[in-house]
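Enquirer:
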Amino acid sequence: MTNKFRNYFHYSASERNGLIVLLVLIILAVTGVLLRDYFTDDSESFKAMDLHALLEQANGTESKNDNLPTVLQEFDPNKLDQTGWINLGFSEKQAASIIKYRDKAGEFNNPEDLLKLYAIDTMRYNELKPFVRIEKSIHRKKKTILNINSCDSTQLIALPGIGSYRAHKILKFRNLLGGFNTKNQVLETYGIDSSVFIQIQDYIRVEENSWSRIDLNSASLELLEKHPYISNKTAESIVFHRETIGPFQSNNDIVHMGLISGKLYVKLQPYLMPIK
Numbered sequence: 002m003t004n005k006f007r008n009y010f011h012y013s014a015s016e017r018n019g020l021i022v023l024l025v026l027i028i029l030a031v032t033g034v035l036l037r038d039y040f041t042d043d044s045e046s047f048k049a050m051d052l053h054a055l056l057e058q059a060n061g062t063e064s065k066n067d068n069l070p071t072v073l074q075e076f077d078p079n080k081l082d083q084t085g086w087i088n089l090g091f092s093e094k095q096a097a098s099i100i101k102y103r104d105k106a107g108e109f110n111n112p113e114d115l116l117k118l119y120a121i122d123t124m125r126y127n128e129l130k131p132f133v134r135i136e137k138s139i140h141r142k143k144k145t146i147l148n149i150n151s152c153d154s155t156q157l158i159a160l161p162g163i164g165s166y167r168a169h170k171i172l173k174f175r176n177l178l179g180g181f182n183t184k185n186q187v188l189e190t191y192g193i194d195s196s197v198f199i200q201i202q203d204y205i206r207v208e209e210n211s212w213s214r215i216d217l218n219s220a221s222l223e224l225l226e227k228h229p230y231i232s233n234k235t236a237e238s239i240v241f242h243r244e245t246i247g248p249f250q251s252n253n254d255i256v257h258m259g260l261i262s263g264k265l266y267v268k269l270q271p272y273l274m275p276i277k
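Residues 2 to 277 (my numbering) are what the sequence shown spells out, left to right.
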C-alpha cells in the first residue's frame, strides 16, 4: 500500500522539470496581475492629479484676470491716470504708453482718437466706446486767446492737440523766426499738421509788431544765417554785396540782384526792417 502511494506521487525527472516550469508561469501570472492593478491605480491617480492641476490652472487664470473690470464704467480718457487705465484692464506698460502718447500728442477730442493708440485694437475699442465720455476742454469754454509770440510752453500745452513735444517745437521755430507774423506760420512748425492747426487756430493770435526784424545793411552773418528763410549761401551773398558794392537801397534789391527768389521774399519781407 505504501509503495503504491509512493508510486502515485513519484515523478520522473522530466515531470519534475515540467512542474517547476508550471509553478514559475503561475508565479509570473500572479505577479503580472498584481503589477497591473498597481500601475492602473497609479494611472488613475495621475489622471486625477492632471485634472486637479488643470482646475488649478483655470482658477489661476481667473485670478490673474481679476483686475479686469467685469462691468465697465464711464470714463474720460483725458483725465485717467496710469492707475485708471490699469483698472480698465490694461497692463502697466500699456497704461504708461497711453499716458506718454497723450502728453505728446495732446488730449483726445473724440472716442475715435483711441484707435491711434497701439494698445487699443478695434475689438478693445468697441468694448470701451460706449463708456467714453470726453468733457469739453475748459479752454474751449473760457475761449482763452494766446499771443503766439509771447506765450510759454505751459500755455501752449493747455491748447487742444498740443502736448509738451509740440509746444517745444513751436517755441523753437518761433525763436528762429524772431516771432510769427501770421497764425498760419505755425503750420510750418515740424510736427504741426493741418488737423492740429484746425484745433488751435481759434485760440491763438499774432499781435502787430510782436516779431523782430532784420536790418539787411547791419545784420551780422550769424544773425542772417540763423533765420529759417535765409540760407547760408544767401546770407554770405548779402554780406558780400554790402561790403563790396555798398549798402542796399531797398529790401527788394536782394530780389533784383538774384540773391533770393520772389516767392521766398514774400515770406521774408515782414522780417526786414525798412531801409530809409
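Every residue gets a Cβ at the ideal spot worked out from N, C-alpha and C, and that includes glycine.
In chain order, what are the residue ranges of uninterrupted alpha helix (DSSP H) at least 4 long that sit wholly in the stretch 65-148?
Expert: For the stretch 65-148, whole alpha helix (DSSP H) runs of length 4 or above, ordered along the chain, are 83-88, 93-106, 123-129 and 139-143.
Enquirer: Using a 10 Å radius around the Cβ and a threshold of 16 neighbouring Cβ atoms, would you call P275 buried or exposed?
Expert: exposed
Enquirer: By the three-class DSSP mapping on this structure, what secondary structure does R214 have?
Expert: coil
Enquirer: So, does the stretch 155-162 touch the stretch 122-131, judging by three or more C-beta pairs under 8 Å?
Expert: No, because fewer than three Cβ pairs between the stretch 155-162 and the stretch 122-131 fall closer than 8 Å, the two stretches do not touch.
Enquirer: Pick helix, strand or coil for L273, following the three-state DSSP scheme.
Expert: strand
Enquirer: How long is the line joining the alpha carbons of N252 and I199, rounded to whole angstroms?
Expert: When only Cα atoms are considered, N252 and I199 end up about 34 Å apart.
Enquirer: Starting from N182, follow the alpha helix (DSSP H) in both directions and report where the run begins and ends.
Expert: That residue, N182, is in no alpha helix (DSSP H); it is neither H nor E in DSSP.
Enquirer: Report the start-end ranges of each alpha helix (DSSP H) in the stretch 147-171 that is 4 residues or longer and not cut off at the edges.
Expert: 154-158
Enquirer: DSSP three-state label for I205, please.
Expert: strand
Enquirer: Just to confirm the assignment, what range does the alpha helix (DSSP H) spanning T190 have?
Expert: Taken as a continuous stretch (DSSP letters only), T190 belongs to no alpha helix (DSSP H), as it is neither H nor E.
Enquirer: Which residues in the same chain have their Cβ closer than 6 Å to the Cβ of S44, if we skip the five residues on either side of it in sequence?
Expert: With a pLDDT of only 42 at S44, under 50, the local geometry of the prediction cannot be trusted, and the value read off the model is given with reservation. No residues qualify anywhere along the chain.
Enquirer: Can you give the beta carbon distance from I346 to L118, rounded, assuming they're within the 8 Å contact cut?
Expert: Residue 346 lies beyond the range of the chain shown here (2 to 277); nothing can be said about it.
Enquirer: Run through DSSP, which three-state label would N176 get?
Expert: helix
Enquirer: Among residues of its own chain, excluding the 5 on either side of E75, which ones have a beta-carbon nearer than 6 Å to its beta-carbon?
Expert: F132 and R134
Enquirer: For K142, collect the residues of the same chain with a Cβ closer than 7 Å to its Cβ; drop the 5 residues on either side in sequence, then sort them by chain order.
Expert: Bear in mind that a pLDDT of 45 at K142, under 50, signals an unreliable position, so the model cannot answer this.
Enquirer: Just how far apart, CA to CA, sit L115 and H169?
Expert: For L115 and H169, the distance between alpha carbons rounds to 24 Å.
Enquirer: Quick check: the stretch 194-213 against the stretch 176-186, are there 3 or more CB pairs under 8 Å?
Expert: Three or more pairs of CB atoms, one per stretch, sit closer than 8 Å, so the stretch 194-213 contacts the stretch 176-186.
Enquirer: Using the Cα positions of E136 and R206, report the straight-line distance between them to the nearest angstrom.
Expert: 25 Å
Enquirer: Near Q95, which residues of its chain fall below 8 Å by C-beta distance, leaving aside the five closest residues on each side in sequence?
Expert: Correct list, in chain order: W86 and A120.
Enquirer: Smallest Cα separation from L172: which of N185, L26, N182 and T190?
Expert: T190
Enquirer: Could you check whether F241 and L217 sit closer than 8 Å to each other, using their CB atoms as the reference points?
Expert: No, the Cβ-Cβ distance between L217 and F241 is not below 8 Å.
Enquirer: DSSP three-state call for N233: helix, strand or coil?
Expert: helix
Enquirer: Does the CB of P131 have a neighbour CB from chain C at under 8 Å?
Expert: Considering every chain present, this structure includes no chain C. It has just one protein chain.
Enquirer: Please list, in chain order, all residues of the same chain as S238 whose beta carbon is under 7 Å from its beta carbon, the five residues on each side excluded.
Expert: Cβ within range, chain order: L260.
Enquirer: So, P161 versus N111, is the Cβ gap smaller than 8 Å?
Expert: no
Enquirer: Report yes if the C-beta distance between T145 and Y230 is below 8 Å; otherwise report no.
Expert: no
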